[in-house]
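These notes are about the structure you will find just below.
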Amino acid sequence: MAYDVFFANAAQRDKERIASYLLHEARSQTAARGFLDGLERVTGNLAQFPEMYPRAAEGRLAAGGYRRARFGSYVALYRVNDDERAVEVARVFHALQDYARLL
Numbered sequence: 095m096a097y098d099v100f101f102a103n104a105a106q107r108d109k110e111r112i113a114s115y116l117l118h119e120a121r122s123q124t125a126a127r128g129f130l131d132g133l134e135r136v137t138g139n140l141a142q143f144p145e146m147y148p149r150a151a152e153g154r155l156a157a158g159g160y161r162r163a164r165f166g167s168y169v170a171l172y173r174v175n176d177d178e179r180a181v182e183v184a185r186v187f188h189a190l191q192d193y194a195r196l197l
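If you read the sequence shown in this note's numbering, its first letter stands for residue 95, the second for the next number, and so on.
Here it is, written out as structure tokens:
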């Protein structure tokens, strides 16, 4: 049985901000579509195999039970709740950002 995958408010804002930047500032429909497609693939994977991506290695993130799914130049940080069969995508960052500090 699949897990429910949902975006925290901050992750939804991240998704919209990154897509908007790629589309309007970088002026690349291809990059924006690639980002959204990659994130959609990740969420599909999470619904079926929520523990397929590695646990976050950074101290505070690891202690909080976060996992990180890398896709292209981006990282989605998420947590799995096995009791509720749910996955919360907490934030989405560019992989070069210091996301451990920003979460």
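C-beta atoms are modelled at their ideal positions from N, C-alpha and C, and glycine is treated no differently.
Starting from Y193 and walking both ways along the alpha helix (DSSP H), at which residues does that stretch end? On the sequence shown, residue 193 is found 99 positions in, with the first residue counted as 1. Start and end: 193-196.
Going by DSSP in three states, A180 sits in which element: helix, strand or coil? Residue 180 sits at position 86 when you count from the first residue of the sequence shown. DSSP places A180 in strand when its eight states are reduced to three.
CB-CB under 6 Å to P144, same chain, minus the five flanking residues each way: which ones, in chain order? As a first step, residue 144 is located in the sequence shown; it is residue number 50 there, counting from the start. Correct list, in chain order: Y97, V174, V181.
Measure how close the beta-carbons of A194 and R154 come, nearest whole angstrom, since I'm counting them as under 8 Å. Position 100 of the sequence shown, counting from 1, holds the residue named residue 194. Position 60 of the sequence shown, counting from 1, holds the residue named residue 154. So it is a contact: roughly 7 Å between Cβ atoms.
Sorted by chain position, which residues of the same chain lie with C-beta nearer than 7 Å to A126's C-beta, five sequence neighbours on each side aside? Position 32 of the sequence shown holds residue 126. Cβ neighbours of A126 beyond the five flanking positions: A113, L116, L117.
Proximity test, F129 beta-carbon vs the ligand COA heavy atom, cut-off 8 Å: This structure does not include the ligand COA; it has no bound ligands of any sort.
Three-state secondary structure (DSSP) at M150? Counting from one through the sequence shown, the residue named residue 150 turns up at place 56. In the sequence as presented, Met is not what sits at residue 150; that position holds Ala. Judged by DSSP in its simplified three-state form, A150 adopts coil rather than helix or strand.
Give the DSSP-derived three-state secondary structure of A102 in the structure shown. Position 8 of the sequence shown, counted from the first residue, corresponds to residue 102. DSSP places A102 in the coil class of the three-state scheme, outside both helix and strand.
Considering only their Cβ atoms, is the gap separating Y147 from R161 smaller than 9 Å? For the purposes of this step, residue 161 is taken as residue 67 along the sequence shown, with counting starting at 1. For the purposes of this step, residue 147 is taken as residue 53 along the sequence shown, with counting starting at 1. Going by C-beta atoms, R161 is nearer than 9 Å to Y147.
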